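Participant:
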Amino acid sequence: MIDPFDTGSLRESILASWSSSPTRLREDSASEIDLVRGGYRDRLLTELAQNAADAAARSGVPGRLAVWTDDAGAVHIANTGAALDLSGVHALTALRASAKTADSGVGQFGVGFTAVRSVSDEIEVRSREGGVLFSARRTLDVLGERGMTAPDAGTPVLRLAWPVAAPPATGFDTEIVLTLRADVDARSFESGFADEAVDLLLELDALDSIEIDGIVIDCIRTELGEGCAEIAIGSRTWRQFATPAARWLAPVVDGLPVPAPPDVLRAPTRSDELLSLPALVIADVPMQPDRRRVLPGVSLDAVAHGYADFVASLPAASRVSFVPQVGFARSEVDGELRELIFRRLSSAAWLPGAHGRDLVPERANVVADAGEALASVVIDVVPDLVDAALAGARHASALSAVGVHRIGLAGLTDMLGGQSREPSWWRRLFDALAPLVVDGVAAEELAALPVPLADGRTVTGPRTTVIGSDSSAAVTWVRLVHPDAVSPLLTRLGAREATASELLTDPALEAALDDLDWDDDVEVDPLVSAVLTLAAEAGDLPSWIGGLPLEDDQGELRSADELLLPGAPLADLLIRDSPFGVLSAASVTRFGERALRAVGVGWGFSVVRDELPTGPDHDLDDESAWWTGLSAEPDTLLAVRDLDLVRSDAWPVALTVLLDDPSTRGALIDRDGYTAWWLRHHARLHDRRPIDFRSPSDDTFAGLLDPLDHPRADELAAVLSASECESVDTARVLLRALADPRRNPTPAVIARTHTSIATAVAEGRVEVADIDPPDRVRTLGGSVVDASDALVLDTPWLASVVPPEIAVLSDMSTAGALADVLDIRPASEAISGEVLGVGRVSSWDREPGAVLACAVLGLPLPQGGVVVHRELIVRVTGNVGGERDISGDRAVPWWVTADGTVHCTQNWERPRGL
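Just so you know, the working numbering puts 743 at position 742 of the sequence shown, and the rest follows in order with no gaps.
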C-alpha cells in the first residue's frame with residue numbers, strides 16, 4: 002500500500018523510543034489518558050469542528066462539517082478545507098506538538114484531536130492526499146511483537162499511525178471515521194452533536210454549516226457595517242459586534258437585541274470560565290492547553306475595551322439592558338471583565354439622551370420615573386438629561402451602576418428654583434409631574450415648587466397660592482396662580498381653589514381697600530377692575546366691599562355703597578338731603594349693573610350681611626337698641642341699610658320695593674331681624690307705626706288693631722303686630738287699643754288679648770316695670786271703665802257674682818300677672834263669701850251627675866270630697882269701687898271656701914240636648 006506520509010518510519014521511530022525507554026511508553030499512555038479523561042472530555046465535536054474551521058480558513062473555502070453514522074455503527078465526521086499533509090500527520094502522532102501557528106488556527110497545540118479517544122479505539126483519518134489509521138488493536142499487536150507490555154494505564158493509541166487508501170466522502174476534503182466502543186451509545190452521541198451545532202456555528206466564523214445525520218444547520222452572516230453583523234442560524238438570530246480582541250453577540254427577539262442568559266467565556270469555543278454578562282463573548286484570549294481556563298495573569302483589558310462600542314451600536318431601546326447586573330461575579334474572569342466593562346461604560350458616550358444624542362453616563366442625569374412629557378419640559382433645565390424611556394425604576398440599578406445621577410422630585414424642585422418661564426410652560430410641567438405624586442412623601446418633596454402668579458411674580462410653594470377662574474386673572478390681593486399655569490396638581494399640593502365670592506370675601510381684599518390711596522389712579526383702577534370683573538360671578542358679598550371707590554356722575558370718587566345706579570327707584574324714596582350720589586353712566590357701561598349692584602351700588606336698598614356678628618357695629622340706625630333687645634347673638638346678621646333715609650310718606654312704596662328685591666326680602670320677613678324690628682318701630686304708614694297694624698289674615702286682635710291697608714299686607718306680617726304679645730312695645734300697643742272706646746272687640750278678643758299680655762309678663766318677655774298702668778281698662782262686657790272700678794277675675798267661682806261690666810278676664814293662671822300690669826285689684830281680694838245652709842258631704846266619684854258632666858265635657862274627674870246642696874246660697878260681702886255694692890245673699894252654682902272645701906248644687910250642669 003502506498004504510504005504518502007511515511008507512517009512506517011514514524012512508527013519505527015516511536016517504537017524505538019519506547020523500546021529504549023519503557024518510561025517513555027508509560028508517559029505517552031498516561032498523557033493520552035489524561036487528555037481524554039481531563040482536558041478534552043465531552044469536547045469531541047468541538048475539537049473536530051475547530052479543526053474543520055481551521056482547514057476552511059487556511060484554504061479560503063466555505064466551511065462545511067457533516068456528521069453521520071453508517072450501517073456498521075461507525076461515526077463519520079467530514080469537512081471541507083485544507084487536506085491532511087505531512088506536518089498534520091506529525092502533529093496527530095505527537096501529543097505535545099502541533100502544526101498550527103498562532104495565526105493559522107484557533108488553537109496553539111493540536112492536542113484537541115485526542116478527544117476522539119473518548120469514544121473510539123479505532124480512528125481513521127481520510128483525506129485527499131492520503132489518510133492514516135490509529136488502532137488500539139494494531140498498536141497492542143506491535144507491542145507484543147516487539148516484546149513490550151502495554152502500560153496499566155492503557156495503550157497509547159494516537160502515537161502509531163498506519164496508512165489508509167480510502168478517500169474522504171464526496172464533496173469533502175477530510176473525513177474522520179470513528180468505530181465506537183461498545184460502551185458508547187451512538188444515539189445520545191449524535192443528540193449531543195445536534196445540541197452543540199448552533200454554538201459552534203456562532204463561535205467558529207469559518208464554518209457556514211453543520212450537517213447532523215442529514216439535517217443541515219446553516220449559518221447566514223449579514224454584514225451591517227461599522228463592525229456589526231447579523232447572524233441567523235435556523236430560526237434564531239444574533240446581532241454581532243466585532244472588535245480586534247473579541248466578538249460580542251446578543252440574541253434578537255422581535256427585531257430587538259435582548260440580553261443573553263449567563264454564559265461562559267468562548268475562546269473561541271466554550272470554556273469553563275463562568276460569566277454573568279448580558280452578551281455572549283467570543284474572545285481571542287490565551288487559554289490553557291485544554292482550552293478550559295484562561296492562562297493566569299492574562300489581561301482582559303483588550304476584550305473589555307470594545308464593549309461600550311458594542312452597546313452603542315445597539316438600538317437605543319436595548320442599550321441599558323446590556324449593562325451587567327450588579328451582583329456577585331460568577332468567576333475570577335467574570336469579576337475582572339465586569340469591573341473593566343463598568344469602567345468603560347461609565348466613561349464612553351452610548352447612553353440615549355433626551356436631546357437625541359448619546360451621553361456619557363457619569364456626566365448624565367435622569368429624573369426618576371419621568372415620562373416623555375416631563376422630560377420634554379425639563380430638557381433645558383436638567384443638563385445631559387437621559388431619555389425618558391430609561392427613567393423608570395426598571396432601569397435604575399443599571400444606570401446607577403454606570404454612574405448616572407438620579408434626580409428625585411426634591412432635587413428637581415431645587416433645580417427649578419429661579420427659572421423664568423412662560424405660565425404655559427409651568428402648566429406643562431405641573432401636568433407632567435402629576436403622575437409622580439402618588440403619596441404624601443412625593444407631595445412634600447414638591448412643597449417648594451415654584452408657581453407663577455397672575456401679577457407676573459413667581460413664588461415658592463403651591464400651599465400659599467390661590468386658584469381662581471378666568472375672570473380672576475387681574476386679582477392682586479392674594480397669590481393668584483396665573484390662569485395659563487393652573488393644573489390639578491397645584492390643588493393636590495395645597496393650592497386653594499377659590500370662587501369669585503371667596504376671592505371677594507378674602508380679608509386681604511378688605512385690607513387692600515383700607516390701604517388704597519384714592520388719589521393714585523395707577524393703584525385704584527386695576528383694583529376696581531379686578532373686583533368688578535369678579536363681582537359679576539359672585540353671590541352675597543360682605544358690606545365692607547361697599548368701600549370700593551367708583552366715579553359718580555360729577556367725576557368724583559365715592560364709595561360704591563354711597564352711589565345709586567342711574568334711574569334707581571330708590572332715589573325717589575329718599576329724603577332730599579340723603580348722602581347718596583349717582584354713579585357715572587360710563588361705569589355702568591364698562592362693568593354692567595350686576596357687578597355694580599353686587600359691590601353695593603344701589604338700585605334698591607342695600608343689604609349688610611355678617612356671619613357671627615359680635616356687636617352692634619354695622620353702622621345701622623338705632624342698631625344698639627335692637628341688639629340690646631336680643632335674647633342671644635344671631636348666627637348671621639342680614640339687615641337693610643339706610644332705612645332712616647326714606648321719606649315718611651314714601652313707606653307704602655318702599656315696602657313694595659323691599660318685597661320685590663330678593664336681596665332685601667329675606668331681611669324683611671325675618672321678624673327677629675334688625676330690618677323688621679326697625680320698620681315696626683320707625684317706619685310710618687298712615688301716620689302710624691306698622692306695629693299698630695295687624696295682618697289682614699290674622700284675627701287675633703280683630704277689633705283692637707286695624708288691618709294694614711296695603712296690597713301685599715300679608716307678606717308684611719313680620720313688620721306688623723304679632724299674633725301674641727312678644728315685647729313691651731306690643732303690650733303698650735295692645736293696652737292703648739283696649740283703652741280706646743272707639744274700638745269694638747268681642748269678649749273673646751278682649752279675654753285673648755288680656756291673656757296674651759299677662760302670659761308675656763308671666764314668661765318674662767315683658768317686665769311690669771316697663772309698662773305704665775292704663776287709666777282705663779276694657780272689661781269682659783266690652784266697656785271701657787276706670788281702672789279703679791274694675792276687678793281682675795282671678796278665681797272661677799267669683800264669675801257668678803262679679804258683673805261683666807267690671808270684670809277683667811284673662812285665664813286663671815295669669816290673672817295675678819294681669820292684675821299687676823293693669824294695677825287693679827284681683828276679685829278675690831275685693832270679695833268674700835259665706836256658704837249658708839248645710840249640704841250633703843260626698844265625693845266626686847260618688848256623684849253620678851259629676852261623673853257624667855266630666856265625661857261629656859272631656860274633663861278629668863276631680864279628686865277628693867265635695868259638699869252637695871239642694872240650693873247653694875252664699876252671703877257675699879264686698880265693694881268693687883265707686884258706688885257699686887254687690888253685698889247680699891246670692892244663689893251660685895258652686896263655691897270654694899277659704900279652707901278649700903268645694904260646695905256644689907245638686908243640679909249638675911249638662912250640655913244642652915242631653
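Ideal Cβ positions, reconstructed from N, Cα and C, are used throughout, including at glycine. Quick caveat, the model's predicted, so the values are computed rather than measured.
Look up ALA389 in the DSSP assignment and say whether it is helix, strand or coil.
Facilitator: Position 388 of the sequence shown, counted from the start, is the residue given in the question as residue 389. It is helical.
Participant: Are the CB atoms of ASP370 and GLY354 nearer to each other than 9 Å?
Facilitator: Taking the sequence shown and counting its residues from 1, the one referred to as residue 370 is at position 369. Taking the sequence shown and counting its residues from 1, the one referred to as residue 354 is at position 353. Result no, Cβ atoms of ASP370 and GLY354 do not sit closer than 9 Å.
Participant: Just to confirm, is the Cβ distance from VAL778 to VAL767 under 9 Å?
Facilitator: The residue given as residue 778 occupies position 777 in the sequence shown. The residue given as residue 767 occupies position 766 in the sequence shown. Result no, Cβ atoms of VAL778 and VAL767 do not sit closer than 9 Å.
Participant: By Cβ distance, which residues of its chain are closer than 8 Å to ARG158, with the 5 residues on each side in sequence left out?
Facilitator: Stepping through the sequence shown from its first residue, residue 158 is reached at position 157. In the sequence under discussion, the amino acid at residue 158 is Val, which differs from the Arg named in the question. GLU33, ARG118, ASP122, ILE124, PHE135, SER136, ALA137 and THR140.
Participant: When you compare only the Cα positions, how much space is there between ILE772 and CYS726?
Facilitator: For the purposes of this step, residue 772 is identified with residue 771 of the sequence shown, where counting begins at 1. For the purposes of this step, residue 726 is identified with residue 725 of the sequence shown, where counting begins at 1. Those two C-alpha atoms are separated by around 13 Å.
Participant: Can you list, in chain order, the residues of its chain with a C-beta nearer than 6 Å to that of LEU669? Leave out the 5 residues immediately preceding and following it.
Facilitator: Stepping through the sequence shown from its first residue, residue 669 is reached at position 668. Around LEU669: LEU659 and THR676.
Participant: Going by DSSP, what residue range makes up the beta strand (DSSP E) through PHE135?
Facilitator: As a first step, residue 135 must be located in the sequence shown, where it is residue number 134. Here the beta strand (DSSP E) through PHE135 covers 132 to 136.
Participant: To the nearest angstrom, report how far apart ALA828 and ASP662 are at their CA atoms.
Facilitator: Position 827 of the sequence shown, counted from the first residue, corresponds to residue 828. Position 661 of the sequence shown, counted from the first residue, corresponds to residue 662. Distance between the alpha carbons of ALA828 and ASP662: 54 Å.
Participant: Within this structure, are the beta carbons of LEU278 and PRO325 separated by less than 9 Å?
Facilitator: The residue labelled residue 278 in the question sits at position 277 within the sequence shown. The residue labelled residue 325 in the question sits at position 324 within the sequence shown. Closer than 9 Å, so yes.
Participant: Would you say the region 549 to 563 touches the region 573 to 586, given that touching needs at least three Cβ pairs under 8 Å?
Facilitator: Contact between the region 549 to 563 and the region 573 to 586 is present, because at least three Cβ pairs lie under 8 Å.
Participant: Following the continuous alpha helix (DSSP H) through LEU346, name the residue where it begins and the one where it ends.
Facilitator: For the purposes of this step, residue 346 is identified with residue 345 of the sequence shown, where counting begins at 1. Start and end: 333 to 348.
Participant: Look at the alpha carbon of TRP163 and the alpha carbon of CYS220, and state the distance between them as a whole number of angstroms.
Facilitator: Residue mapping note: residue 163 aligns to position 162 of the sequence shown, counting from 1. Residue mapping note: residue 220 aligns to position 219 of the sequence shown, counting from 1. About 36 Å.
Participant: What residue from VAL836, SER398 and PRO453 has the CA that sits closest to GLY418's CA?
Facilitator: For the purposes of this step, residue 418 is taken as residue 417 along the sequence shown, with counting starting at 1. The shortest C-alpha separation from GLY418 is found at PRO453.
Participant: Which same chain residues end up closer than 7 Å to SER272 when comparing Cβ atoms and leaving out the 5 residues on each side of it in sequence?
Facilitator: Against the sequence shown, residue 272 aligns to sequence position 271. Here the set comprises VAL265, LEU266, MET288, ARG292, ARG293 and ARG294.
Participant: Could you give the first and the last residue of the continuous beta strand (DSSP E) run that contains VAL682?
Facilitator: On the sequence shown, position 681 is the one that residue 682 refers to. As written in the sequence, residue 682 is His, which differs from the Val given in the question. Careful: HIS682 lies outside any beta strand (DSSP E), inside the alpha helix (DSSP H) at 675 to 683.
Participant: On the criterion of 16 or more Cβ atoms from any shown chain inside 10 Å, does VAL762 qualify as buried, or is it exposed?
Facilitator: Here residue 762 corresponds to residue number 761 of the sequence shown, with the count starting at 1. So VAL762 counts as buried.
Participant: Can you check the region 826 to 906 for any alpha helix (DSSP H) of at least 4 residues that lies completely inside it and give the ranges in chain order?
Facilitator: Runs of the alpha helix (DSSP H) inside the region 826 to 906: 828 to 831 and 849 to 858.
Participant: Whole angstroms are fine: how far does the CA of ARG27 sit from the CA of THR156?
Facilitator: Your numbering for residue 156 matches position 155 in the sequence shown. Your numbering for residue 27 matches position 26 in the sequence shown. Answer to the nearest angstrom: the Cα atoms are 9 Å apart.
Participant: Quick one: what's PHE242 bridged to in DSSP?
Facilitator: The count along the sequence shown starts at 1 and reaches residue 242 at position 241. DSSP, once it has assigned bridges, lists CYS229 and TRP249 as partnering PHE242.
Participant: Does the distance from the CB of VAL387 to the CB of LEU434 come in under 9 Å?
Facilitator: The sequence position of residue 387 within the sequence shown is 386, counting from 1. The sequence position of residue 434 within the sequence shown is 433, counting from 1. No, the Cβ-Cβ distance between VAL387 and LEU434 is not below 9 Å.
Participant: Around the C-beta of TRP679, are 16 or more other C-beta atoms found within 10 angstroms, so that it is buried, or is it exposed?
Facilitator: Taking the first residue of the sequence shown as position 1, residue 679 is located at position 678. Result: buried.
Participant: Can you round the beta-carbon distance between LEU346 and ALA309 to whole angstroms, since I take them to be within the 8 Å contact cut?
Facilitator: Position 345 of the sequence shown, counting from 1, holds the residue named residue 346. Position 308 of the sequence shown, counting from 1, holds the residue named residue 309. Indeed they touch by this definition, with Cβ atoms about 5 Å apart.
Participant: Under DSSP, the alpha helix (DSSP H) around ARG559 begins and ends at which residues?
Facilitator: Locating residue 559 in the sequence shown gives position 558, where the first residue counts as 1. That residue, ARG559, is in no alpha helix (DSSP H); its beta strand (DSSP E) goes 558 to 560.
Participant: CA-CA distance, ASP206 and PRO258?
Facilitator: Counting from one through the sequence shown, the residue named residue 206 turns up at place 205. Counting from one through the sequence shown, the residue named residue 258 turns up at place 257. The straight-line gap from Cα to Cα measures roughly 20 Å.
Participant: Thinking C-alpha only, which one of VAL802, VAL532 and GLU130 is nearest ASP86?
Facilitator: As a position in the sequence shown, residue 86 is number 85, starting the count at 1. The shortest Cα separation from ASP86 among VAL802, VAL532 and GLU130 belongs to GLU130.
Participant: Is it buried or exposed, PRO691, if we count other Cβ atoms within 10 angstroms and call 16 or more buried?
Facilitator: As a position in the sequence shown, residue 691 is number 690, starting the count at 1. Buried, by the Cβ-count rule.
Participant: Can you tell me which of the three DSSP states MET288 falls into?
Facilitator: Stepping through the sequence shown from its first residue, residue 288 is reached at position 287. Reduced to three states, the DSSP call for MET288 is strand.
Participant: Terminal residues of the continuous alpha helix (DSSP H) containing GLY667?
Facilitator: Against the sequence shown, residue 667 aligns to sequence position 666. Its alpha helix (DSSP H) spans residues 663 to 669.
Participant: Can you check which of these residues, LEU491, ALA501 and GLU340, is closest to LEU430 by C-alpha distance?
Facilitator: Walking along the sequence shown from the start, residue 430 turns up at place 429. Of the listed residues, the one whose Cα sits closest to LEU430 is LEU491.
Participant: To the nearest angstrom, how far is the alpha carbon of ASP335 from that of LEU179?
Facilitator: Here the question's residue 335 lines up with position 334 in the sequence shown. Here the question's residue 179 lines up with position 178 in the sequence shown. Computed Cα separation, rounded: 37 Å.
Participant: In terms of alpha-carbon separation, which member of ALA75, ALA402, GLY412 and SER401 lies closest to VAL382?
Facilitator: To locate residue 382, count along the sequence shown from 1; it is residue 381. It is GLY412.
Participant: Between VAL839, ILE546, ASP507 and PRO550, which has its C-alpha nearest PRO521's C-alpha?
Facilitator: In the sequence shown, counting from the first residue as 1, residue 521 sits at position 520. The sequence as given places Asp at residue 521; Pro does not occur at that position. ASP521 has its Cα closest to that of PRO550, out of VAL839, ILE546, ASP507 and PRO550.
Participant: Which residue from VAL37, PRO451, THR898 and THR466 puts its Cα closest to that of GLY495?
Facilitator: Counting from 1 along the sequence shown, the entry for residue 495 is found at position 494. Nearest C-alpha to GLY495: THR466.
Participant: Expressed to the nearest angstrom, what Euclidean distance is found between the alpha-carbon atoms of LEU613 and GLU445?
Facilitator: Indexing the sequence shown from 1 puts residue 613 at position 612. Indexing the sequence shown from 1 puts residue 445 at position 444. Rounded to whole angstroms, LEU613 to GLU445 spans 36 Å at the Cα level.
Participant: DSSP puts ARG222 in a beta bridge; with which residues?
Facilitator: What you label residue 222 is simply residue 221 of the sequence shown in a count that begins at 1. ARG222 pairs with ILE232.
Participant: In chain order, what residues of the same chain have a beta carbon less than 7 Å from the beta carbon of ILE213, not counting five sequence neighbours either side?
Facilitator: For the purposes of this step, residue 213 is taken as the residue at position 212 of the sequence shown. Once the five neighbours on either side are set aside, the close Cβ partners of ILE213 are VAL68, GLU191, PHE194, ALA195 and ALA198.
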